[in-house]
Amino acid sequence: MGSSELITFALISFAFIIVPGPNVLVIISTSMTAGQARGLQTVAGTSLAMSVQLLIAAIATSWLLSLLARGLFWLKWCGVAYLLWMGVTSFYKFYHRTPGPGHTALGSFQRGFWVSLTNPKTILFFSAFLPQFANESAPYLEQIAVLSLIFWLLAIVADSFYALAAAKLRTFLLHHDVDRLQHGISGGLYIGAGGLLASVTDI
Numbered sequence: 008m009g010s011s012e013l014i015t016f017a018l019i020s021f022a023f024i025i026v027p028g029p030n031v032l033v034i035i036s037t038s039m040t041a042g043q044a045r046g047l048q049t050v051a052g053t054s055l056a057m058s059v060q061l062l063i064a065a066i067a068t069s070w071l072l073s074l075l076a077r078g079l080f081w082l083k084w085c086g087v088a089y090l091l092w093m094g095v096t097s098f099y100k101f102y103h104r105t106p107g108p109g110h111t112a113l114g115s116f117q118r119g120f121w122v123s124l125t126n127p128k129t130i131l132f133f134s135a136f137l138p139q140f141a142n143e144s145a146p147y148l149e150q151i152a153v154l155s156l157i158f159w160l161l162a163i164v165a166d167s168f169y170a171l172a173a174a175k176l177r178t179f180l181l182h183h184d185v186d187r188l189q190h191g192i193s194g195g196l197y198i199g200a201g202g203l204l205a206s207v208t209d210i
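The sequence shown begins at 8 in my numbering and counts up one residue at a time.
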């Protein structure tokens, strides 16, 4: 696996990563309602879940992935229900002007972790995508480890950018006395994330 293959892999991975999915929408929502620190803590949660998914994709056989997919089907719908509940809660705060409880560091981390982990498309994408760049003449697991690390680091950078950008937008909204609008935007993002997760059909 040469440098040209690694560059190609990095470019394709980055293109996949920057398209907003459930993880990104939850990160943006958390940053907008609770600030930069909580958004980055959510990124930490999604990153840990992604490392678990990468590990599973690297060592799992096709039979095990098929077995996991059946269980992940139900896990996915748990994630959808959670995101929809978060969206309804945010809309309730928006319409009734209630501040609600603040986001804790642990809560933000757990939110990111579980939303990321309940997305079955990630594991299936990794299991199909990563092996395409592995050279048969070199140790398989070592190559997959390098590819996984590249993907993981790119995801952290992109997700952190979304968290920081959303925090800047939050500051703008606070300065213009439209902080209540944050709950409405947050509710829409949560429900959008739930819709994206529900749309995953290839399991």
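Think of the CB as a built atom: it goes at the ideal place given N, C-alpha and C, for glycine as much as any other residue. Small disclaimer: the values here were computed from a predicted structure and weren't measured.
Distance from Y169 to I35 at the Cβ level is roughly 6 Å; contact confirmed, criterion being Cβ atoms closer than 8 Å. Around the beta-carbon of G9, fewer than 16 other beta-carbon atoms lie within 10 Å, marking it exposed. Assignment of S144 by DSSP, reduced to helix, strand and coil, places it in the coil class. In the structure shown, N126 falls within a coil segment according to DSSP collapsed to helix, strand and coil. Going by beta carbons, F120 and A56 fall inside the 7 Å limit. Within the segment 12-78, complete alpha helix (DSSP H) segments of at least 4 residues are found at 29-41 and 43-66, given in chain order. Within the same chain, and ignoring the five residues on either side of Q43 in sequence, the residues whose Cβ sits closer than 7 Å to its Cβ are A170, L171 and A174.
Between S123 and T53, the C-beta gap is smaller than 7 Å, which places the two residues in contact. Collapsing the DSSP output to three states places G9 in coil.
Distances from the alpha-carbon of L113 to those of I24, T37, R177 and S144 put T37 closest. Counting the other Cβ atoms within 10 Å of the Cβ of Q139 gives fewer than 16, which makes it exposed.
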